[in-house]
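Participant: Below is a structure I'd like to ask you about.
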Amino acid sequence: MHDPETQERSPTEATQETSKLRRVARVVRGAPFHWVGDGFRVSNYFPGDRELLSRVSPFFLLDYGPPRTVPASKQTRGVGPHPHRGFETVTLAFAGSVAHHDSAGNSGVIGPGDVQWMTAGSGILHKEYMEQKFSESGGEMHMLQLWVNLPAKDKMTAPKYQAITREQLGQSDAAGVKVRVVAGEYRGVRGPAFTHTPINLYTVELQAGASFEARLSAAHNTGLLVTGGSLSINGTQSAEHLDFVLLENEAGLVRVVADTACSFVLMSGEPINEPIAHYGPFVMNTREELEQTIADFNRGKFGDLDE
Ligand code: MN
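Start counting at 1 in the sequence shown, then tack on 217, and there's your number in this note's numbering.
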């Protein structure tokens with residue numbers, strides 16, 4: 218079928234199409250703050266908010282710890298050994314220092330601007346805590362953890378650990394606009410993280426009055442978490458520190474204007490349209506796989522790790 222009425226568009230209409238701004242679907246706050254172990258005070262955005270969870274695949278969990286002053290202590294503070302299977306944990310440190318050790322023998326420390334991309338895959342035990350020297354001197358802590366789901370075909374992939382320093386991130390600097398690309402691509406700048414499904418993950422800092430624009434796939438679930446200051450999105454919606462902004466899945470530009478100096482994390486990815494079976498630190502596809510996972514964990518198949 219060919220209908221010339223709809224096939225042909227005037228140049229004006231075409232221009233309007235390309236400059237169209239992607240609409241805001243929701244602006245939400247996270248749940249009341251809770252402690253993860255004794256080191257990380259965070260607010261959860263999803264999966265706690267089930268409605269939001271249904272719109273953010275391939276992302277499965279978002280915990281955000283806004284800036285807070287950590288008192289000096291000789292004690293190790295954080296989360297002791299615990300398992301994961303079927304997904305990836307991505308930790309961003311904006312301030313402070315986080316250390317990681319896992320049963321696959323990987324360990325690392327991330328400081329301000331660094332990223333830790335840990336693929337649990339078939340299963341690991343790990344512990345996450347404040348790095349010892351930082352903990353002993355105390356200071357400002359500001360971090361985020363994102364869980365990225367794996368498609369069924371990759372759930373049992375070998376565990377992997379990507380330690381990404383701030384110097385290794387994709388770097389795009391324009392007047393008042395600093396973009397660091399963790400994964401995917403922004404204006405020809407690629408991020409170093411290997412991902413199992415298409416994902417764009419950026420950290421962005423804007424000076425007051427500056428604006429940021431990105432064109433991301435209409436089919437990809439897209440949102441941003443404001444990690445400082447206040448901003449306007451697509452000319453219609455204001456958001457401030459602690460707000461998560463979910464965008465509609467439609468063609469168009471994402472435009473952010475800084476009302477004050479601000480920062481945000483932009484996440485966008487191709488949805489994984491598969492069933493989810495979730496229990497605590499395990500994210501699988503079926504109940505049977507969850508039961509198998511718990512049995513494997515109880516039999517010690519996730520390896521060993523000292524406290
Ligand atoms: Mn963990």
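Glycine residues also receive a C-beta, built at the ideal position from the N, C-alpha and C atoms.
#1: Given a threshold of 16 other Cβ atoms within 10 Å of its Cβ, counted over all protein chains shown, does ARG516 qualify as buried or as exposed?
#2: Taking the alpha-carbon positions, what's the PRO488 to GLY355 distance?
#3: Alpha carbon to alpha carbon, what distance is there between SER339 and TYR378?
#4: Would you be able to state if there are at least three C-beta pairs under 8 Å between the stretch 421 to 429 and the stretch 476 to 492?
#5: Can we count THR306 as close to ligand 1, meaning its CB is less than 7 Å from some heavy atom?
#6: Reducing DSSP to helix, strand and coil, say where SER354 ends up.
#7: Should GLU305 be labelled buried (16 or more other beta-carbon atoms within 10 Å of its own) or exposed?
#8: Should GLU457 be listed as close to ligand 1, given that the test is whether its C-beta is under 7 Å from any heavy atom?
#9: Give me, in chain order, the residues of the same chain whose beta-carbon lies closer than 8 Å to that of SER324; leave out the 5 immediate sequence neighbours on both sides.
#10: For the stretch 279 to 299 against the stretch 360 to 378, do three or more pairs of beta-carbon atoms, one drawn from each stretch, fall closer than 8 Å, so that the two count as touching?
#11: What residue range is occupied by the uninterrupted beta strand (DSSP E) comprising ASN261?
#12: State whether the stretch 497 to 505 contacts the stretch 294 to 303, with contact taken as three or more CB pairs (one from each stretch) at a distance under 8 Å.
#13: Is any heavy atom in ligand 1 found nearer than 7 Å to the beta carbon of HIS359?
#14: Can you tell me where the alpha helix (DSSP H) holding LEU270 begins and where it ends?
#15: Verify the contact flag: GLU353, CB atom, against every heavy atom of ligand 1, threshold strictly below 7 Å.
#16: Give the secondary structure of ALA427 by DSSP, where H, G and I count as helix, E and B as strand, and everything else as coil.
#17: List the residues that DSSP assigns as beta-bridge partners of ASP371.
#18: What is the residue span of the alpha helix (DSSP H) that THR510 lies within?
#19: Looking at ARG272: is its Cβ nearer than 8 Å to the Cβ of GLU467?
#20: Would LYS370 be called buried (16 or more neighbouring beta carbons within 10 Å of its own) or exposed?
#21: Would the beta-carbon of GLU348 be found less than 7 Å away from any heavy atom of ligand 1?
#22: Please indicate yes or no: does the CB of HIS495 lie closer than 7 Å to some heavy atom of ligand 1?
#23: Going residue by residue through the stretch 442 to 508, where are the continuous beta strand (DSSP E) segments of at least 3 residues, counting only ones entirely within it?
#24: Can you tell which of VAL473, LEU342, VAL462, GLU524 has the C-alpha that lies nearest to the C-alpha of ILE450?
#25: Report the three-state DSSP secondary structure of GLN388 (helix, strand or coil).
#26: Measure the Cβ-Cβ separation of ARG383 and GLY330 and say whether it is below 8 Å.
#27: Hey, how far is the Cα of VAL332 from the Cα of ASN417?
#28: Which residues in the same chain have their Cβ closer than 7 Å to the Cβ of GLU508, if we skip the five residues on either side of it in sequence?
#29: Given the structure, does HIS318 come close to ligand 1, in the sense that its CB is under 7 Å from one of the ligand's heavy atoms?
Facilitator: According to the data block:
#1: Taking the first residue of the sequence shown as position 1, residue 516 is located at position 299. With fewer than 16 Cβ atoms within 10 Å of its Cβ, ARG516 is classed as exposed.
#2: Within the sequence shown, the letter at position 271 stands for residue 488. Within the sequence shown, the letter at position 138 stands for residue 355. About 40 Å.
#3: Here residue 378 refers to the residue found at position 161 of the sequence shown. Here residue 339 refers to the residue found at position 122 of the sequence shown. Distance from the CA atom of TYR378 to the CA atom of SER339, rounded to whole angstroms, is 13 Å.
#4: yes
#5: Stepping through the sequence shown from its first residue, residue 306 is reached at position 89. Result yes, Cβ under 7 Å from ligand 1.
#6: For the purposes of this step, residue 354 is identified with residue 137 of the sequence shown, where counting begins at 1. SER354 falls in the helix class under three-state DSSP.
#7: Counting from one through the sequence shown, the residue named residue 305 turns up at place 88. GLU305 comes out buried.
#8: One-based indexing of the sequence shown puts residue 457 at position 240. GLU457 Cβ: outside cutoff for every heavy atom of ligand 1.
#9: One-based indexing of the sequence shown puts residue 324 at position 107. Excluding sequence neighbours, SER324 sits near ALA316, HIS317, HIS318.
#10: yes
#11: To locate residue 261, count along the sequence shown from 1; it is residue 44. Note, ASN261: beta strand (DSSP E), 257 to 263.
#12: yes
#13: As a working note, residue 359 is residue 142 in the sequence shown. Outside the cutoff, so no.
#14: Residue 270 sits at position 53 when you count from the first residue of the sequence shown. Its alpha helix (DSSP H) spans residues 267 to 270.
#15: Taking the sequence shown and counting its residues from 1, one reaches residue 353 at position 136. Not under cutoff, so the answer is no.
#16: Along the sequence shown, read from residue 1 onward, the residue named residue 427 stands at position 210. It is coil, neither helix nor strand.
#17: As a working mapping, residue 371 is identified with position 154 in the sequence shown. DSSP output for ASP371 lists no bridge partner at all.
#18: Your numbering for residue 510 matches position 293 in the sequence shown. Segment 504 to 515, the alpha helix (DSSP H) holding THR510.
#19: Counting from one through the sequence shown, the residue named residue 272 turns up at place 55. Counting from one through the sequence shown, the residue named residue 467 turns up at place 250. Going by C-beta atoms, ARG272 is not nearer than 8 Å to GLU467.
#20: Residue 370 sits at position 153 when you count from the first residue of the sequence shown. The residue is exposed, with fewer than 16 neighbouring Cβ atoms inside 10 Å.
#21: Walking along the sequence shown from the start, residue 348 turns up at place 131. No, since every heavy atom of ligand 1 falls outside the 7 Å radius drawn around the Cβ of GLU348.
#22: If you number the sequence shown from 1, residue 495 lands on position 278. False, no ligand heavy atom lies under 7 Å from that Cβ.
#23: 447 to 450, 454 to 457, 461 to 464, 470 to 475, 479 to 486, 494 to 496, 499 to 501
#24: Looking up residue 450 in the sequence shown gives position 233. Looking at the Cα atoms, VAL473 is the closest of the given residues.
#25: If you number the sequence shown from 1, residue 388 lands on position 171. In this structure, GLN388 counts as strand in the three-state DSSP scheme.
#26: Here residue 383 corresponds to residue number 166 of the sequence shown, with the count starting at 1. Here residue 330 corresponds to residue number 113 of the sequence shown, with the count starting at 1. Yes.
#27: Against the sequence shown, residue 332 aligns to sequence position 115. Against the sequence shown, residue 417 aligns to sequence position 200. Each residue's alpha carbon lies about 14 Å from the other.
#28: On the sequence shown, residue 508 is found 291 positions in, with the first residue counted as 1. Once the five neighbours on either side are set aside, GLU508 has no close Cβ partner at all.
#29: Locating residue 318 in the sequence shown gives position 101, counting from the first residue. HIS318 Cβ: outside cutoff for every heavy atom of ligand 1.
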